[in-house]
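Going by the working numbering, the sequence shown opens with residue 109, and the numbers climb by one from there. The beta carbon of each residue, even a glycine, is placed where N, CA and C say it ideally should be. Predicted model, so just to flag it, every value in this text is computed and none were measured. These notes are about the structure you will find just below.
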Amino acid sequence: MNHNNIPQQITQTKDFNSHLNEAQLQAVESINGATLVIAGAGSGKTRTIVYRLAHLLNSGVSPSNILLLTFTRKASHEMLQRATKLLNETTSNIIYPENDLSASENNNYYYHKENSPHTSLINLQGGTFHSFAFSVLRQYYPSGYATPPNILDSSDSSGIIHDCKDNLKIAKGEKSFPKSQTVLSLFSKARNKELSLDEVIKRELYHLLPYSDDLEQLYQAYKSFKRQHAVMDYDDLLFELERLFTERPDLLTSYQNRFQYIMVDEYQDTNLVQCRLVRLLAGEKGNIMAVGDDAQSIYAFRGANVKNILAFTEHFPQAKIIKLEENYRSTQSILNLCNSVLDHAVESYKKHLFTKRENKQKPQVIRPFSDLTQAKLVASRIVELMGRYEPNEIAVLFRSGYHSYHLELELNKRGVRFRKYGGIRYIEAQHIKDVMSYARLLVNPLDFNAFQRVTSLSKGIGPKTCLKLYNAMQNHDDQEVSKICKKAPTLAADLKIIEKLRISNPSPSYIIDELTEHYKPYLTSNFPDDHPRRLQGLEELGHIAATYTELDLFIADLCLEDPFNSNQQEDTEKITLSTIHSAKGLEWSAVLIIDLAEDRFPSKKSLLKIEDFEEERRLMYVACTRAKDELYLFSPLSLYDRATGGTNQVQPSPFIKELKTELYEEWQENYIGGLTQKSAGVNQTQTYKPERLSQTKWNSEYDIDPTITITPANNPPIPSTVEQNTNTTQAKDPRSLGLCTHRIFGRGKIIEELPPDKYKVNFPGIGVKVILSDYLKIDD
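Shown next, in the form of structure tokens:
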């Protein structure tokens, strides 16, 4: 250590370490050598880093000898602020030599010294990997650069790619070639994963395979342009810094001598080049502390490599491992389930989360009949939870953005306000709006906004022509309509399918299917970057439509939204819908995880490689550890099948099947709209009744009746003993095998009479069910 920079005087230092648990204190006081801190979820990771930083400074380490590397500027800023506050509260009269008070060129942080009237600059370098790389490269630059290179922003890089494409005459006039921003993202992914462009396309962007050769040619041209013009993009910073240190061992030694205490946050999220840079800076005997959790490594799609943290002791053989396992967020019953998720991991640092928090109810595994009925059950549970928590303390988590579509619709029906993170709300997506504009014109030909959106899809139809065509159609001027359509063949096809569907008046599901098929060519040519994902969204739209018999009701439910459900509303008035990736680092009192079924979570793609499957396991762990007090896992028994128009039975997610049954309560949806607890050996009738019912507004059309009497699943209800519903309509003669309506399952087709008082009914999206006549309203 450089003793020239030790504080000249330290007095009145308080024992702030009394606020740490034993493992945290061990990490804080671990100064010399390499240390890996495995920080379990909710274990006070940031607190540990802050206290260690303060401990280093308080122990006489010069700020100029410390390097703090984080993944966001916000994280580093928060840590330094908290360390500053801690030092100001615990230390007085710290006097540093004048040379330590001068401002360095980048990434300086402050703390206020007691008895000093001003805030002083401390030469402590910290921030993101990229900002650190820039601070070095602006002073020293590798071979091939005559001057410090300029850094390109995203728009600059996109412009260069566009120019290179024009110069190479690649995909000239082809609208289906990916946009420059998408190409840039592809190049970045290949660079960060250190894979060939072709390999990334085959793994993740298979729909771009026809352009593989062109993209490779463009990739090389982009790299050549940057070298010729002495510029770097964001990703180049790390690789060029590595090259500089390799070319200049003397410079590397200089930085190793300067930064004798290195701290790296979120080490599980480092990519390969970041790991190599850390090893270069630390050297063989460096004092490095890496903090992270292998169980929360979920960003492989960005280039993060979990092997970096798993191989830490191979990179630093003398390293010691400290595990932070005491959790300050969740109840022990939730942690028991989280621990069980990790018990089956193929490769990990074994840990056992525990807490001093009082145990509350066990997590619940809820088995809806299908992904359609799941939305109603989830919405009902949310309404119940809102009687106990503020809305912003409730979150629904899911694997992919489109998994929440049904729930969004159900919440809109009930006026439950929500915000969504990760994926846009389905009704706001451009392709959804386009297809729904066709549908709106079927219901109302005078809907000018819908007409304008449909005509804008045709080349050569601008606002003036659109208005002229609209007026001509309203005035039945067939000659003018024909004249305009001759100039735009695609417009003629659009008007034709609208007229065809209006005349035939089929079901909403059939309409959405036909419109989706009609829209596909436009989808492929105008959304070359992600049309497979958008098509999946349209298929989900058809999935939702299958539960309706009237198109106007479908459109109304899809479009109607609480006017208060806007960004201006107070955060406390909305629940959260979020992908799990977007939820990392956050927490809620009650968490509901949906679609825990095969092919949904884990995703289909993850089944091809063990490392992908294990990342899905970590994703499950991250989702469960977001819950503080209550955790609900929804695993539908069946999923709607677009091909057959029915449902297919599915197995629960393997992450559910692996759990020990004593860790959770299992509830199943029953045929009268409630939940039945599956409990071995329990024969008595149980009643599901939410707490604090008086504070909850129930809507009998959609919500679970809080007074419904239910029976354990191992003793299914006997039809003759089921209590009669006095509000139902007496069943009519079903000999015509017509249509009927059930309060829970919606509209269905009667396919068989089962004397004396039951019918076999096929419900779209649900499947075939046997129902008592008293629970059916049969069409006349």
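For residue i, which residues of its own chain have a beta-carbon under 8 Å away from its beta-carbon, when the five flanking residues on both sides are left out?
| i | result |
| --- | --- |
| Phe-347 | Arg-299, Val-381 |
| Ala-503 | Ile-683, Thr-684, Leu-685, Ser-686, Ala-691, Leu-694, Trp-696, Ala-698, Val-699, Leu-700, Arg-734 |
| Glu-658 | Pro-616 |
| Glu-355 | Pro-250, Ser-251 |
| Lys-567 | Ala-596, Thr-598 |
| Leu-715 | Phe-721 |
| Tyr-772 | Leu-445, Lys-470, Pro-471, Gln-472, Val-473, Leu-741 |
| Ser-456 | Asp-402, Ala-403, Leu-418, Leu-450 |
Looking only at C-alpha atoms, which of the options sits nearest to residue i?
| i | options | result |
| --- | --- | --- |
| Asn-379 | Gly-782, Arg-181, Arg-366, Glu-302 | Glu-302 |
| Val-699 | Glu-492, Lys-712, Leu-164 | Glu-492 |
| Ala-487 | Phe-742, Leu-450, Gly-148, Lys-765 | Phe-742 |
| Gly-495 | Ala-547, Gln-426, Val-244, Val-524 | Val-524 |
| Asn-166 | His-511, Ile-702, Thr-755, Thr-192 | Thr-192 |
| Thr-178 | Leu-188, Leu-480, Val-449, His-850 | Leu-188 |
| Gly-645 | Thr-361, Ala-547, His-514 | His-514 |
| Arg-855 | Phe-556, Ala-654, Ile-702, Asp-703 | Ala-654 |
| Asp-479 | Lys-331, Val-758, Ser-266, Ala-558 | Val-758 |
| Lys-521 | Leu-661, Val-449, Gln-376 | Leu-661 |
| Gln-482 | Pro-744, Arg-190, Glu-861, His-127 | Pro-744 |
| Lys-768 | Gln-776, Leu-128, Val-449 | Val-449 |
| Pro-499 | Lys-484, Ser-512, Leu-519 | Leu-519 |
| Tyr-656 | Thr-849, Trp-775, Tyr-630 | Thr-849 |
| Gln-776 | Phe-763, Thr-755, Ser-746 | Ser-746 |
Leaving out five residues before and five after residue i in sequence, what residues of the same chain have Cβ atoms less than 6 Å from its Cβ?
| i | result |
| --- | --- |
| Ile-605 | His-626 |
| Leu-727 | Ile-406, Ile-688 |
| Lys-297 | Val-308 |
| Asn-416 | Thr-378, Cys-383 |
| Pro-640 | His-315 |
What residue does the alpha helix (DSSP H) around residue i start on, and which one ends it?
| i | result |
| --- | --- |
| Glu-422 | 420-423 |
| Gln-587 | 586-595 |
| His-539 | 538-551 |
| Ala-558 | 556-563 |
| Gly-267 | 262-276 |
| Ser-243 | 237-245 |
| Gly-568 | Gly-568 -> no alpha helix (DSSP H), and no H or E assigned at all. |
Taking 8 Å as the cut-off, decide whether the C-beta atoms of residue i and residue j are in contact.
| i | j | result |
| --- | --- | --- |
| Gly-152 | Leu-461 | no |
| Tyr-529 | Thr-684 | yes |
| Lys-287 | Ser-633 | no |
| Ile-259 | Phe-237 | no |
| Gln-440 | Thr-463 | yes |
| Lys-713 | Asp-720 | yes |
| Ala-419 | Glu-722 | no |
| Ile-442 | Leu-739 | yes |
| Met-371 | Ile-157 | yes |
| Val-543 | Ile-620 | yes |
| Thr-143 | Ile-490 | no |
| Tyr-510 | Glu-648 | yes |
| Arg-507 | Ser-265 | no |
| Asp-373 | Val-414 | no |
With residue i as the anchor, note down where its beta strand (DSSP E) starts and where it stops.
| i | result |
| --- | --- |
| Ser-854 | It is Gly, not Ser, that sits at residue 854 in the sequence shown. Note, Gly-854: beta strand (DSSP E), 854-862. |
| Glu-455 | First-last for Glu-455: undefined, no H or E at that position. |
| Lys-866 | 866-871 |
| Thr-684 | 683-687 |
| His-850 | 847-850 |
| Lys-431 | 428-432 |
| Gln-757 | 755-757 |
| Ser-714 | Here Ser-714 belongs to no beta strand (DSSP E), and DSSP marks it neither H nor E. |
| Leu-87 | Nothing about residue 87 can be reported from this structure: the residues present for the chain run from 109 to 888 only. |
Going by beta carbon distance, what residues of the same chain come within less than 7 Å of residue i, once the five residues before and after it are set aside?
| i | result |
| --- | --- |
| Thr-573 | Ile-592 |
| Gln-560 | Cys-574 |
| Asp-322 | Ile-278, Ala-279 |
| Phe-333 | Ile-268, Cys-272 |
| Ser-320 | Asp-306, Ile-309 |
| Pro-842 | Any reading at Pro-842 must be qualified, since the residue scores a pLDDT of 42, below 50, and its modelled position is unreliable; no value is offered. |
| Lys-736 | Arg-437, Ser-438, Glu-695, Trp-696, Ser-697 |
| Arg-387 | His-423 |
- Runs of alpha helix (DSSP H) lying entirely within the stretch 487-538, each at least 4 residues, in chain order: Correct list: 513-522.
- Length-filtered (4 minimum) alpha helix (DSSP H) runs lying within the stretch 149-186: Counting only runs of 4 or more residues that sit fully inside the stretch 149-186, the alpha helix (DSSP H) segments are 153-166, in chain order.
- Query: Which ranges would you report for the beta strand (DSSP E) in the stretch 342-377 if only whole runs of at least 3 residues count?
  - Reply: For secondary structure counted as the beta strand (DSSP E) over 3 or more consecutive residues, the stretch 342-377 holds these complete runs in sequence order: 369-372.
- Message: Quick check on the DSSP output: what are the complete alpha helix (DSSP H) runs of length 4 or more inside the stretch 718-748, in order along the chain?
- Response: Here the runs fully enclosed are 718-732.
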